[in-house]
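Enquirer:
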Amino acid sequence: CGMVYVEPDSLGWRVLTESYLATLPEALVECEPAVAALKSLIDWIVDPMLTWVRRNAAVCIPQGASVAVAAMLRLFDSFLDCFRPDENGKMQTFEERETVTIVEGWFLFSATWGLGGALYGKDRI
Numbered sequence: 001c002g003m004v005y006v007e008p009d010s011l012g013w014r015v016l017t018e019s020y021l022a023t024l025p026e027a028l029v030e031c032e033p034a035v036a037a038l039k040s041l042i043d044w045i046v047d048p049m050l051t052w053v054r055r056n057a058a059v060c061i062p063q064g065a066s067v068a069v070a071a072m073l074r075l076f077d078s079f080l081d082c083f084r085p086d087e088n089g090k091m092q093t094f095e096e097r098e099t100v101t102i103v104e105g106w107f108l109f110s111a112t113w114g115l116g117g118a119l120y121g122k123d124r125i
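Residue numbers (full-length UniProt numbering): 1 to 125.
#1: Would you mind reading off the limits of the alpha helix (DSSP H) that contains K90?
#2: Does the region 91-108 come close enough to the region 51-71 that 3 or more CB-CB pairs lie under 8 angstroms?
#3: Roughly how many whole angstroms lie between the Cα atoms of D123 and L108?
#4: Helix, strand or coil for L119? Go by DSSP, reduced to three states.
#5: Which residue comes first and which comes last in the alpha helix (DSSP H) that contains I42?
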């Protein structure tokens, strides 16, 4: 049996998002339009934001794309408690459109701060 070491950045950030999507709360997964919206936003926003930050901005803490995406996903996940049962086993319920709107808003917030949070103030446009 052998072990092969692979640098995390060589895998790219997409494997992080694919892995993360497999851990979404069941209540959110049941709303297919919300999951589809989340996947579309990831495909549409992450690469351009990472490229913009790399080319146009100064960061106070250098980080690779995988680290920035992981920060974004952790921040996004912190907002998903309303899709998980509380300590009494109860959950909030949302209409489909409301769920999509919630996911879109939280993702945009998370992308802004997860991918751009390490920027110097002057580059936060």
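Just so you know, even glycine gets a beta-carbon here, dropped at the ideal spot from N, CA and C.
Expert: So, from the listed chains and residues:
#1: From DSSP, K90 is part of no alpha helix (DSSP H); its letter is neither H nor E.
#2: With a cut-off of 8 angstroms, the region 91-108 and the region 51-71 do not count as touching, because too few Cβ pairs lie within range.
#3: Whole-angstrom Cα-Cα distance: 18 angstroms.
#4: Secondary structure of L119 (DSSP, three-state): strand.
#5: 32-56 is the span of the alpha helix (DSSP H), which, as asked, contains I42.
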